[in-house]
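Worksheet: the structure to be examined is printed underneath.
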Amino acid sequence: MRPRLAAHHIAAADLVCGGVLLGAIILLALLGPPLWPADPIAASMLSMFQPPGRDAVGLLHPLGTDQIGRDLLARIIYGTRLSLAIVLMAGFVGATLGTALGLVAGYFGGAVDAVIMRLVDIQLAVPFILLILLVMAVLGPGIGNLVIVLGVTGWAIYARTARARALELRDLEFVEAARSIGASVPRILRRHMLPNLMAPQLVLLTLDLPRLVVLEASVGFLGLGVPPPTPTLGNLIGDGQSYLLNADWLVIYPGLVISAMVVGFNLLGDWLARRTERRAA
Amino acid sequence: MTAYLLHRLGQSVIVLLGVSIIVFCSLYLTGDPAALMLPPTASRAEIDAFRHAMGFDDPMAAQYLRYLGHALTGDFGTSLRFGRPVTGLIAERVPATALLAVTALVWSTLLGFVFGIVAAIRKGGLTDFLVRLVALSGQAVPVFWLGLLLILGFAVHWHLFPSSGYGHAANLVLPALSLGAYYMSAVTRLVRISLIEALQQDYVRTARAKGLPEIRVVLRHGLRNALVPVLTVQALQFASLLGGALITETIFGWPGIGRLAVQAIQNRDFPLVQAVVLLAAAIFVVVNLLVDLAYAALNPRVRL
Amino acid sequence: MRHLRAVALVIGSLGVGMALPAVASELVIARAASPSGMDPAFLREPATLVDNVFDTLVGRDAKLKLVPDLALSWTALDPQTWEFKLRPDVTFTNGENFDATAVKFSIERVLDPAAHAPTISYITTLAGVDVVDGTTVRIRTKAPDPLLPTRMSRYPTYIVPPGYVKSVGNEEFARKPIGTGAYRVTEFIPDDHVTMQANAAYWRGKPSIDTVIWRALPEPTARVAALLAGEVQLVESLPVDLTPNVAADPKLDVVKVPHGGLIIYLGLKTAEKPLDDVRVRHALSMAIDRKTIITKILKGYADATGTQVGPFDFGYKDEPIPPYDPKQAKALLAEAGYPTGFAIRMQMPRHYINSAEIGQVIAQEFAAIGVTAQLEVPEWSVYAQQVPAGKQAPIYNLGWGSTQTLDADAALYPIFRTGEPYSTVSFPAMDALLDESRHTIDPTARAEILGKVQDMAIELVPALTLYQEDSLYARRKTVTFAGRADARIPLFDMTVAD
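Residue numbers (this note's numbering), protein chains in the order written: chain E, 1 to 281; chain R, 1001 to 1304; chain A, 2001 to 2498.
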């Protein structure tokens, strides 16, 4: 008999691994700057392309330095912080927008529904990255623009699930009851329907975050996200690309953080999904 | 069936029209194409004359209708950078992207099946765990980072494959690997889940009880179940592959549509970007339509 | 197991195939950019490739002296008319004859305003071309133009075959160009490569290298990796940070062309406060440690300079390099009424060699004298539109070169003359000198005037002149190539050993 892991062990492992990875990254982002005070922006011509270790003047650079002597760890800490913030805000924007539109579509049905669902189709027909790059090129780089663009382009899946759930809910007794006592439509949507789809939408958000992490990094990698010298995980790799031959650490470490972030969100999302399924069952 | 077909066709047309409106608006918002199309030294008067000659001072709706009219006759505008019709530019890049996409899909599907089957047979075991790990990391690693790591290892350190270029089989290896990794993970996950589900069915239990070897049970009864969802997903993946190709082609200097699009965006060559977006949407819509129709044909109960 | 070995063999052979040394008489060159088209009249990029496909009336030898090419001789009949005697018996590679009509056609298709040729600015001084007989043309200028022969030495004045261009149209011509040059294009895959074959009937003789492949590898890493792996034998725009990787390989050489690159400067909007005060401009110039930037960030592959004119240019004057003196700079700022400095926007695109990095360093050096420079690293395509429209930051980075004409006029007039698209300064005294130089035919007198402009620039600081980049190549030692200050890669003069 081979050793077999029971399903709940796997689930627990997901939670622990995902939690640890994400916890570490969030700690890095939140506590990093005070713990590691090196300047992420200022150039130091004394220690350029320093491999991980101590530089000529004895300063420690655990992850090395870049082409103008900036400490890579410091840049990764600030980059993680910014990337994480952008991704969370964008996820929130997308989930809010999508849920609202999905609710409206599902509740009203008919023409409203048809229009919103065609908009979903239109949104999904264009590769996200292409659309985001196009819009960023039009709007110009910047943190605010990036959050809006990543968020707005991500609304479609939330709208689909919210609509499906709203279709089920709208004919249920408690909604009927609310309607019969003359509750306004916004009130019904907000008070009676929204709470019932918060949980699945949150799971969806967790599962959608890895996609956003990679998208944000890709846009940064292609140089259309946050403009330099401000670091994000994506533009760190984009910059480092030119130095693959002489300073590969500039590409390797930021990528590791991105991957850890994606795995963390994925594991946590899987765990959440399974938990809500079990509850629903 | 005919009604359904017409309904779906109508939807597809609406989607494409919607995409064209969105893309047109974003282009319109970029401001004055006249200033972009003329040399920087052009005078104000020259720009005004040119703008009027091109109809850039017409109302937005009129410009859109004219654009649509041209598009319906196959004229999608002229690239600002190349000074050539964008259709020709895109057409000459199609073979490179198609080669890359098909190679990536084929290897990822094959390997995904192998991994998925192995994991399903050894469900819960160490092998299953390892396969899950591989699958997870395939989806966790951003394609551009994987591409750079492949270049670092295979091109820079070991000189096994060229880091970029086009035309030889060796050039294809690294881009196809990095583009396919994500899909390989997706297929593995899907095959594993479908197989595990199938293997819990009664008829499979019966087959097992008859003493058939496990591998044959899996291959004969399980795979049939897994095939349809996996191929469906892969067909849809193919439609969205252009997104991944965008970055892969840029990293490996692959002369396909993806790289053309990234350069066009970087050069603010908007007519070209517009055409690529429309092409991507068209591929997506057509593949979706075909998948849906295939479903409807196979299973007459499906009526959306 | 046997299968495994077979797979390993296949994979191995795929890899090894690439690592084999090039066949004799074939040369693979890696450049950062792919041409978008090869019609010399509609080039939007350097003429490196078309230079080997087309010829001009006037050539430049290795010492950059003007020499006869398709024209045997030229003389100024009067200050506004030049007569060129053409080389007889030259044919285009499609068999079409080269003659005076071809010259007229080639130049007039650029001058035609309806054509919107992006290269027209190089020959706007021309009024027209007259055919005198089969081997004689006269070129008229709108005003006396001492640079006319120079203008006939590079794009857009390459001579194209009228019959072929008319029959296939501009679009097809850009993809399948035909000229009188040493090579003809046999394959053009945009963004990947251009293949050229030697023109055995070339009027100068058969070139030594049979096949040349120009590969477009935008990533510097990819270019150098391809060189190290033996896939390419010559690399253009070698990044300075990778020179040690090339130097470490005994089969490879770094080719450095001193003063071969652009002159990098920070443009100033001198009409805006506080840059309107010459003391502030001097202070900013003194705050920059040009020497350290060059040794540290450019690895020594540049030369600090005090003038916008390159040493190979006609009219060059050896001006002193602005001193690095932060103390004096602070004093000047205080004198100008800014004892605590000021804040100002500064744009450094990621376009010239390590320019974004240098921007970061300069911002810190400005900070040391109390000036807070808000550094922006704009995208080149956007920035390149902003600058001629005057929408750039008050301090902005540009590189300027005169490889087209090798004349101080091209280095000074467009950036220092009031009202020019790339000029953000206005000094009437300087305008007067610049205008005078354009109407002076006598070389000695012209050189003197251009020298005075450069003296005046030292005094007025219309821009913060920083340094001139070297141009850098890397080659396999089997390839003869010394590099040229005009950035040409003259295939006809090159050889490849086995």
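Think of the CB as a built atom: it goes at the ideal place given N, C-alpha and C, for glycine as much as any other residue.
- Counting only residues of its own chain and dropping the five nearest sequence neighbours on each side, Leu2072/A has a CB closer than 6 Å to the CB of Lys2085, Arg2087.
- Annotation: Leu21/E to Gly110/E spans about 45 Å, alpha carbon to alpha carbon.
- Around Arg118/E, the beta-carbon contacts reaching into chain R at under 9 Å are Gln1011, Ile1014, Val1015, Gly1018.
- When C-beta distances to chain A are compared with 8 Å, the residues of the segment 23 to 52 of chain E below that value are Ile41, Ala42, Ala43, Met45, Met48, Phe49, in chain order.
- Residues of chain A with a Cβ closer than 8 Å to the Cβ of Asn246/E are, in chain order, Asp2241, Leu2242, Pro2244, Asn2245.
- Scanning its chain for C-beta atoms nearer than 6 Å, with the 5 sequence neighbours on each side dropped, one finds no residue around Gly1124/R.
- Leu2066/A and Leu2148/A have their alpha carbons spaced roughly 12 Å apart.
- For Val2377/A, the C-beta contacts it makes with chain E under 8 Å involve Pro227, Pro228, Pro229, in order along the chain.
- Under the three-state reduction of DSSP, Pro2068/A is assigned to strand.
- For the 7 Å CB-CB criterion, Leu1136/R and Val251/E do not form a contact.
- For Val2257/A, the enclosing beta strand (DSSP E) begins and ends at 2252 to 2257.
- Rounded to whole angstroms, the Cβ separation of Ala1176/R and Thr1103/R is 4 Å, and the two are in contact under 8 Å.
- Distances from the CA of Pro141/E to each of Ser47/E, Tyr243/E, Leu222/E were compared; the closest alpha carbon is that of Leu222/E.
- DSSP places Thr2081/A within a strand segment (E or B) once states are collapsed to three.
- Distance from Leu2466/A to Val2453/A at the Cβ level is roughly 19 Å; contact not present, criterion being Cβ atoms closer than 8 Å.
- For the pair Ala247/E and Thr276/E, the Cα-to-Cα distance works out to about 45 Å.
- A direct Cα-Cα distance of roughly 27 Å separates Gly1077/R from Ala2047/A.
- Taking every protein chain shown into account, the CB of Tyr1203/R has fewer than 16 other CB atoms within 10 angstroms, so this residue is exposed.
- Cβ-Cβ separation between Gly264/E and Leu212/E: approximately 13 Å, too far for a contact (criterion under 8 Å).
- At a C-beta separation below 8 Å, Lys2296/A has these neighbours in chain E: Met45, Met48.
- Across the segment 2196 to 2226 of chain A, CB contacts with chain E closer than 8 Å involve Glu2219, Pro2220, Thr2221, Val2224, Ala2225, in sequence order along the chain.
- Val1131/R has a beta carbon lying at 7 Å or more from every beta carbon in chain E.
- Look at Glu2365/A: its C-beta is not under 7 Å from any C-beta on chain E.
- Counting C-beta pairs closer than 8 Å gives three or more between the segment 1223 to 1243 of chain R and the segment 1104 to 1116 of chain R, which meets the contact rule.
- The beta-carbon separation of Val175/E and Met193/E, rounded to 7 Å, stays under the 8 Å limit for a contact.
- For the segment 148 to 164 of chain E, no residue has a beta-carbon sitting nearer than 7 Å to a beta-carbon of chain R.
- Under the 7 Å criterion on CB atoms, Ser218/E is classed as interfacial with respect to chain R.
- Non-local beta-carbon contacts of Ala2393/A in its own chain, meaning distances under 7 Å to residues more than five positions away in sequence, involve Arg2345, Met2346, Gln2347, Glu2376 in chain order.
- CA-CA distance, Leu236/E to Pro1271/R, rounds to 30 Å.
- Taking C-beta separations shorter than 7 Å and ignoring five residues to either side along the sequence, the partners of Thr2418/A in its chain run Ser2426, Asp2431, following chain order.
- Asp2145/A is outside the set of residues whose beta carbon lies under 7 Å from a beta carbon in chain R.
- Per DSSP, Ala1155/R lies in no beta strand (DSSP E) segment and is marked neither H nor E.
- Against chain E, the beta carbon of Ala2343/A has no neighbour under 9 Å; the closest one sits roughly 16 Å away.
- Below the 9 Å Cβ cutoff, chain E contributes Leu130, Leu133, Leu134, Met136, Ala137, Leu222, Leu224 as neighbours of Ile1265/R, in chain order.
- Residue-level contact check: Val2361/A touches chain E, since one or more beta carbons of chain E fall below 7 Å from its beta carbon.
- Bounds of the beta strand (DSSP E) holding Arg2476/A are 2471 to 2476.
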